[in-house]
Amino acid sequence: MQERLVLTILGPDRPGLVEQLAALVTAHEGNWLESRMCRLGGEFAGILRCQVPDRRRPAFERALADLEKAGLSVVTKIDPGETPTPGRSAVLEIVGQDRPGIIRHVSGALAAHGVNVEELQSECVSAPMSGELLFQARIRVWLPEGCDLERLRADLERLAADLLAEVTLAPENPAGKPD
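Going by numbering that gives the first Met the number 0, the first residue of the sequence shown is number 0, and it counts up by one from there.
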């Protein structure tokens, strides 16, 4: 029987790190199912879903512990599987002058509507003409069944005016792109 696991990996970035993880999964007869990984501030951060045969799991976890000796932090959890929740996916994009609290305010508005943040990417970049620091975020959210999209949009637009930012919210089509 196959055991599905979710691994969280954090540590100093270096060439070959992803290959090392992939080799470790393969060496234990595992299968790499899904992942999100990035380099941020010189650190490597990754989330990995994989499956390994039950009989190989103890050896796999010992091999992961060896990675910790090499300076990586690894947390392993059993994948509980996803329980489908009625609703739909949408993409929220934010662009505005950088200032503290943007994500706190936006995530608070989303939570007030029962909206779940599924993926968040953000960065600060220089504005093309002025060189001012701009904050940009792309947030994939799950709108629960019954969520009033127009009311949510209105609340986000009010918030955008306070933050001096542009906010767009668009339902996502099945291909993962905003409609």
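All C-beta atoms in this analysis are idealised placements derived from N, C-alpha and C, irrespective of residue type, glycine included.
_Neighbourhood of residue 179 by C-beta, 8 Å cutoff - its chain only, sequence neighbours within 5 removed_ = This structure does not reach residue 179, given that the chain is present from 0 up to 178, and the question cannot be answered.
*Between 60, 9, 39, which lies nearest to residue 23 when the distance is taken from Cα to Cα?*
Numbered from its first residue, the sequence shown carries residue 23 at position 24. Checked all of 60, 9, 39; the closest Cα to residue 23 is 60.
_Buried or exposed by the 16-neighbour rule on C-beta atoms within 10 Å, applied to residue 163_ = One-based indexing of the sequence shown puts residue 163 at position 164. Burial call: exposed.
*Do you know how far the Cα of residue 96 is from the Cα of residue 76?*
Within the sequence shown, the letter at position 77 stands for residue 76. Within the sequence shown, the letter at position 97 stands for residue 96. Taking the straight line joining both Cα atoms gives about 39 Å.
*Which stretch, first to last residue, makes up the beta strand (DSSP E) that contains residue 179?*
Missing from the structure shown is residue 179; the chain here goes from 0 to 178 and no further.
_Where residue 107 falls, given that 16 or more other Cβ within 10 Å makes a residue buried_ = Here residue 107 is taken as the residue at index 108 of the sequence shown, counted from 1. Exposed, by the Cβ-count rule.
*Nearest-angstrom Cα separation, counted from residue 36 out to residue 72*: Mapped onto the sequence shown, residue 72 falls at position 73. Mapped onto the sequence shown, residue 36 falls at position 37. Whole-angstrom Cα-Cα distance: 14 Å.
_Using C-beta distances below 7 Å, list every residue in its chain close to residue 87, excluding the 5 sequence neighbours before and after it, in chain order._
Against the sequence shown, residue 87 aligns to sequence position 88. Excluding residues within five positions, the ones whose Cβ falls inside 7 Å are 142, 170.
*asked:* If the criterion is Cβ atoms closer than 8 Å, does the pair residue 138 and residue 151 meet it?
replied: Here residue 138 refers to the residue found at position 139 of the sequence shown. Here residue 151 refers to the residue found at position 152 of the sequence shown. Cβ distance not < 8 Å, so residue 138 and residue 151 don't count as in contact.
*asked:* Contact defined as beta carbons within less than 8 Å: I believe residue 93 pairs with residue 160. What is the distance between those atoms, to the nearest angstrom?
replied: To locate residue 93, count along the sequence shown from 1; it is residue 94. To locate residue 160, count along the sequence shown from 1; it is residue 161. Their Cβ separation, rounded to whole angstroms, is 13 Å, which puts residue 93 and residue 160 out of contact at 8 Å.
*asked:* Spatial neighbours of residue 58 within its chain, please: C-beta separation below 7 Å, excluding the five flanking residues on both sides.
replied: Within the sequence shown, the letter at position 59 stands for residue 58. Non-local C-beta neighbours of residue 58 in its own chain, meaning closer than 7 Å and more than five positions away in sequence, comprise 27, ordered along the chain.
*In whole angstroms, what is the alpha-carbon distance linking residue 112 and residue 80?*
As a position in the sequence shown, residue 112 is number 113, starting the count at 1. As a position in the sequence shown, residue 80 is number 81, starting the count at 1. Annotation: residue 112 to residue 80 spans about 25 Å, alpha carbon to alpha carbon.
*With DSSP run on the structure shown, which of helix, strand or coil describes residue 162?*
Start at 1 with the first residue of the sequence shown, and residue 162 comes out as number 163. In the structure shown, residue 162 sits in a helix (DSSP, three-state: H, G or I).
*What's the C-alpha gap between residue 90 and residue 156?*
Indexing the sequence shown from 1 puts residue 90 at position 91. Indexing the sequence shown from 1 puts residue 156 at position 157. Distance between the alpha carbons of residue 90 and residue 156 is about 15 Å.
_Of the residues 110, 116, 128, 102, the one placed nearest residue 122, counting alpha carbons only_ = What you label residue 122 is simply residue 123 of the sequence shown in a count that begins at 1. Nearest option by C-alpha distance: 102.
*Hey, how far is the Cα of residue 124 from the Cα of residue 7?*
Here residue 124 refers to the residue found at position 125 when the sequence shown is read from its first residue. Here residue 7 refers to the residue found at position 8 when the sequence shown is read from its first residue. A straight line joining the alpha-carbon of residue 124 with that of residue 7 spans about 28 Å.
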